[in-house]
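Protein chains: 2
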Amino acid sequence: MTFVSTNSGLPLDPIAEARRLWAEHGWAHAADGMAAVTSLMRAHQIALARVEAVLKPHGVTFARYEVLMLLYFSRKSSLPMALIGERLQVHPTSVTNAVDRLEAAGLVRRTPHPADRRSTIVELLDAGRELAEAATAELNTEVFAAPWLAPATVGSLIEVITELRRNAGDF
Amino acid sequence: MTFVSTNSGLPLDPIAEARRLWAEHGWAHAADGMAAVTSLMRAHQIALARVEAVLKPHGVTFARYEVLMLLYFSRKSSLPMALIGERLQVHPTSVTNAVDRLEAAGLVRRTPHPADRRSTIVELLDAGRELAEAATAELNTEVFAAPWLAPATVGSLIEVITELRRNAGDF
DNA sequence: GCTAGATAGTAGGGTGTCCGACTATATGAC
DNA sequence: GTCATATAGTCGGACACCCTACTATCTAGC
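Residue numbers (my numbering), protein chains in the order written: chain H, 1 to 171; chain L, 172 to 342.
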């Protein structure tokens with residue numbers, strides 16, 4: 001919802017403009033909500049692009065990096081597919097997709113579950129562990145250590161979204 | 172980056188857990204940044220799912236709805252493809268894709284630009300205008316008027332992300 | 001004028017997400 | 001014990017996004 005209607009050459013904030021138009025059309029009660037949702041969409045786009053740019057040379061995407069880190073932090077460097085999907089809050093098919101590619105790249109390995117033959121265990125391989133560490137080091141210095149916000153503001157963002165997630169029934 | 176390592180049955184916040192693990196691994200300086208980025212990813216996922224659910228019965232996705240609203244607010248209910256991509260901050264091919272589907276659904280129409288033969292004007296049709304109004308009405312009441320946050324918090328979220336976007340060179 | 005470079009739009013390819021459907025396996029009710 | 005139900009994972013399809021490459025057209029410098 002980022003649109004501007006003026007023709008001035010000034011660099012307006014498209015979201016603030018959309019918010020103004022919303023109010024003008026009699027939707028003032030929903031203008032802030034629209035602006036908040038649109039802001040989230042754009043912030044996500046910005047953050048993801050930044051992260052993906054750092055990960056690209058390592059040969060993984062953010063989705064696959066998340067799987068690697070989940071395994072990296074797990075006790076035995078291995079987890080069932082279902083648990084991965086649950087933790088990362090994505091659809092089972094998304095896990096299948098990510099693990100397919102990680103396995104093809106030699107970063108993880110599928111293993112049958114010893115007790116439950118329906119289940120598949122994903123195991124982090126050495127190459128995957130090394131990639132996870134290298135990618136994290138670069139991600140930390142290039143993105144996470146210096147977001148686009150002052151330290152206090154970062155905390156504020158985390159707090160607000162934590163409230164949002166809680167109210168949405170996320171945890 | 173939403174992963175939990177404990178085995179307690181308590182419903183922990185996965186992002187808070189990831190943040191703790193980050194700090195434990197000597198990455199304390201980047202823990203907040205990681206949590207902020209991960210929070211944005213998840214908030215985006217939640218908000219988008221909510222919006223798409225409302226739009227689905229109207230037969231459009233959020234991406235196409237944004238195009239419709241952009242045209243809806245434009246002076247002559249029509250804009251060049253390039254301008255749409257610029258305002259919505261998406262790649263030109265994404266605009267082609269969205270307009271293809273909107274045109275197939277009879278909601279917009281492509282028209283040659285009178286002066287610049289490279290350019291294509293997208294024009295909002297009556298059906299598109301009606302759909303935009305109906306979808307917006309429902310979106311306003313179902314999502315935007317009642318986000319998952321208290322009114323003051325919504326304002327706070329918008330402010331923080333505005334700062335983020337400005338620092339990222341977004342406007 | 002005419003050519004080199006910029007701009008508009010599209011096609012093809014890759015990736016991620018979801019949904020619905022399907023197979024295989026496990027579990028619980030009777 | 002046996003059968004209905006639930007769960008784990010995968011496949012195919014739809015949609016969004018981006019990138020690279022390509023054509024068509026415009027614009028500016030000489």
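Note that beta-carbon positions come from the ideal geometry of N, C-alpha and C, so glycine has one too.
What you are looking at is a predicted structure, and each value in this text was computed from that prediction instead of being measured.
Per-residue burial, D203 of chain L [other beta carbons within 10 Å of its own, 16 or more giving buried] = In the second sequence, counting from the first residue as 1, residue 203 of chain L sits at position 32. Buried, by the Cβ-count rule.
task = Could you confirm whether any beta carbon from chain H is found closer than 8 Å to the beta carbon of S327 of chain L?
result = Along the second sequence, read from residue 1 onward, the residue named residue 327 of chain L stands at position 156. Cβ-Cβ to chain H under 8 Å: yes for S327 of chain L.
request  = Out of H:D126, H:T38, H:R75, state which residue places its alpha-carbon closest to the alpha-carbon of L328 of chain L.
outcome  = Here residue 328 of chain L refers to the residue found at position 157 of the second sequence. That would be H:T38, whose Cα lies nearest to the Cα of L328 of chain L.
ask   = Between the beta-carbon of L295 of chain L and the beta-carbon of S249 of chain L, is there less than 8 Å?
value = Counting from 1 along the second sequence, the entry for residue 295 of chain L is found at position 124. Counting from 1 along the second sequence, the entry for residue 249 of chain L is found at position 78. Their beta carbons are under 8 Å apart, which means L295 of chain L touches S249 of chain L by this criterion.
task = Grab me the residues of A303 of chain L's own chain with a C-beta within less than 7 Å of its C-beta, minus the 5 sequence neighbours each way, in chain order.
result = Mapped onto the second sequence, residue 303 of chain L falls at position 132. Within the same chain, A303 of chain L has close Cβ partners L239, M240, Y243.
ask   = Relative to the C-alpha of P114 of chain H, which residue among H:R129, H:V122, H:G85 is closest?
value = Locating residue 114 of chain H in the first sequence gives position 114, counting from the first residue. Nearest C-alpha to P114 of chain H: H:V122.
query = Mind checking D100 of chain H: buried by the 16 CB within 10 Å criterion, or exposed?
reply = Stepping through the first sequence from its first residue, residue 100 of chain H is reached at position 100. By the 10 Å Cβ count, D100 of chain H comes out exposed.
query = To which residues of the same chain is P92 of chain H closer than 6 Å at the C-beta, ignoring the five residues directly before and after it?
reply = Residue numbering aside, residue 92 of chain H sits at position 92 when the first sequence is read from its first letter. Correct list, in chain order: G85.
key: Meets three-Cβ-pair contact criterion under 8 Å: the region 8-27 of chain H and the region 185-205 of chain L   = no
key: Selection from L:T267, L:A316, L:A306 that minimises the alpha carbon distance to L226 of chain L   = Numbered from 1 along the second sequence, position 55 holds the residue referred to as residue 226 of chain L. Checking every option, the nearest Cα to that of L226 of chain L belongs to L:A306.
request  = Would you mind sorting R336 of chain L into buried or exposed? The rule is 16 or more other CB atoms within 10 Å of its CB.
outcome  = The count along the second sequence starts at 1 and reaches residue 336 of chain L at position 165. Flag for R336 of chain L reads buried.
inquiry  = Any beta carbon of chain L sitting closer than 8 Å to that of V160 of chain H?
reply    = Translated into positions along the first sequence, residue 160 of chain H becomes position 160. By this cut-off, V160 of chain H is an interface position.
task = Would you please verify whether the beta carbon of E163 of chain H is less than 8 Å from any beta carbon of chain L?
result = On the first sequence, residue 163 of chain H is found 163 positions in, with the first residue counted as 1. Chain L contact via Cβ: present.
ask   = What are the uninterrupted segments assigned as alpha helix (DSSP H) that are 4 or more residues long and contained completely in the region 99-170 of chain H, given in chain order?
value = 126-139, 151-167
task = Please find out if some non-hydrogen atom of the ligand FMN comes closer than 7 Å to the beta-carbon of G33 of chain H.
result = The ligand FMN is not part of the structure shown, which contains no ligands of any sort.
task = Put L250 of chain L into one of helix, strand or coil per three-state DSSP.
result = Position 79 of the second sequence holds residue 250 of chain L. Three-state DSSP puts L250 of chain L in a strand.
query = CA-CA distance, S179 of chain L and T162 of chain H?
reply = Looking up residue 179 of chain L in the second sequence gives position 8. Looking up residue 162 of chain H in the first sequence gives position 162. Confidence at S179 of chain L is low in this model, with a pLDDT of 41, below 50, so the placement of that residue is unreliable and no value is reported for it.
task = Can you pull the chain H residues whose beta carbon is under 8 Å from the beta carbon of M252 of chain L, in chain order?
result = Within the second sequence, the letter at position 81 stands for residue 252 of chain L. Those do not exist, as M252 of chain L stays about 14 Å from chain H at its closest Cβ, beyond 8 Å.
request  = May I ask you to list, following chain order, the residues of the region 27-41 of chain H that have a beta carbon less than 8 Å from some beta carbon of chain L?
outcome  = W27, H29, A30, A31, D32, G33, M34, A35, A36, V37, S39, L40, M41
ask   = What are the residues of the region 268-279 of chain L that lie near chain H, defined by any Cβ-Cβ distance shorter than 9 Å?
value = none
key: Closer than 8 Å to chain L by CB, V121 of chain H   = Taking the first residue of the first sequence as 1, we reach residue 121 of chain H at position 121. Residue identity check: residue 121 of chain H is Ile in the sequence provided, not Val. Taking Cβ atoms only, chain L never reaches closer than 8 Å to I121 of chain H, which makes this a no.
inquiry  = Quick check: is the beta carbon of T93 of chain H nearer than 8 Å to any beta carbon in chain L?
reply    = Looking up residue 93 of chain H in the first sequence gives position 93. No, because no Cβ of chain L sits closer than 8 Å to the Cβ of T93 of chain H.
query = Are H211 of chain L and A35 of chain H touching if we call contact CB-CB under 8 Å?
reply = Taking the first residue of the second sequence as 1, we reach residue 211 of chain L at position 40. Taking the first residue of the first sequence as 1, we reach residue 35 of chain H at position 35. With the sequence shown as reference, residue 211 of chain L is identified as Leu, and His is not the correct amino acid for it. No, the pair does not count as a contact, with Cβ atoms beyond the cut-off.
query = the region 210-230 of chain L: which residues have C-beta closer than 9 Å to a C-beta of chain H, in chain order?
reply = S210, L211, M212, R213, A214, H215, Q216, I217, A218, L219, R221, V222
task = Output, in chain order, the set of chain L residues within a Cβ distance shorter than 8 Å of R118 of chain H.
result = Start at 1 with the first residue of the first sequence, and residue 118 of chain H comes out as number 118. Near R118 of chain H there are no residues of chain L at all, since even the closest Cβ is about 21 Å away, more than 8 Å.
task = Could you check the C-alpha separation between R281 of chain L and Q45 of chain H for me, to the nearest Å?
result = For the purposes of this step, residue 281 of chain L is taken as the residue at position 110 of the second sequence. For the purposes of this step, residue 45 of chain H is taken as the residue at position 45 of the first sequence. Between R281 of chain L and Q45 of chain H, the C-alpha separation is close to 28 Å.
ask   = So what does DSSP say about L183 of chain L, is it helix, strand or coil?
value = Along the second sequence, read from residue 1 onward, the residue named residue 183 of chain L stands at position 12. Three-state result, L183 of chain L: coil.
task = Use the C-beta contact count for D116 of chain H: other C-beta atoms within 10 angstroms, 16 or more gives buried, fewer gives exposed.
result = One-based indexing of the first sequence puts residue 116 of chain H at position 116. Exposed is the call here.
ask   = With a cut-off of 8 Å, does the C-beta of A176 of chain H fall near any C-beta of chain L?
value = Beyond the ends of chain H as shown, which are 1 and 171, falls residue 176 of chain H; an answer cannot be given.
Straight-line Cα distance separating V143 of chain H from R50 of chain H = Position 50 of the first sequence, counted from the first residue, corresponds to residue 50 of chain H. Position 143 of the first sequence, counted from the first residue, corresponds to residue 143 of chain H. Answer to the nearest angstrom: the Cα atoms are 7 Å apart.
request  = Identify which residue in L:A339, L:G326, L:V231 has its Cα closest to the Cα of A275 of chain L.
outcome  = By one-based count along the second sequence, residue 275 of chain L stands at place 104. The option with the nearest alpha carbon to A275 of chain L is L:V231.
message = Report the CB separation of P14 of chain H from R258 of chain L in whole angstroms; it is logged as a contact under 8 Å.
response = In the first sequence, the residue the question calls residue 14 of chain H occupies position 14. In the second sequence, the residue the question calls residue 258 of chain L occupies position 87. Yes, P14 of chain H and R258 of chain L are in contact; Cβ-Cβ is about 6 Å, under 8 Å.
key: Partner residues on chain L for A23 of chain H, Cβ-Cβ distance less than 8 Å   = Locating residue 23 of chain H in the first sequence gives position 23, where the first residue counts as 1. The contacting residues do not exist; A23 of chain H stays about 12 Å from chain L at best.
request  = Report yes or no: is there a C-beta of chain H within less than 8 Å of the C-beta of D297 of chain L?
outcome  = For this step, residue 297 of chain L is matched to residue 126 along the second sequence. Not closer than 8 Å to any Cβ of chain H, the Cβ of D297 of chain L fails to qualify, so no.
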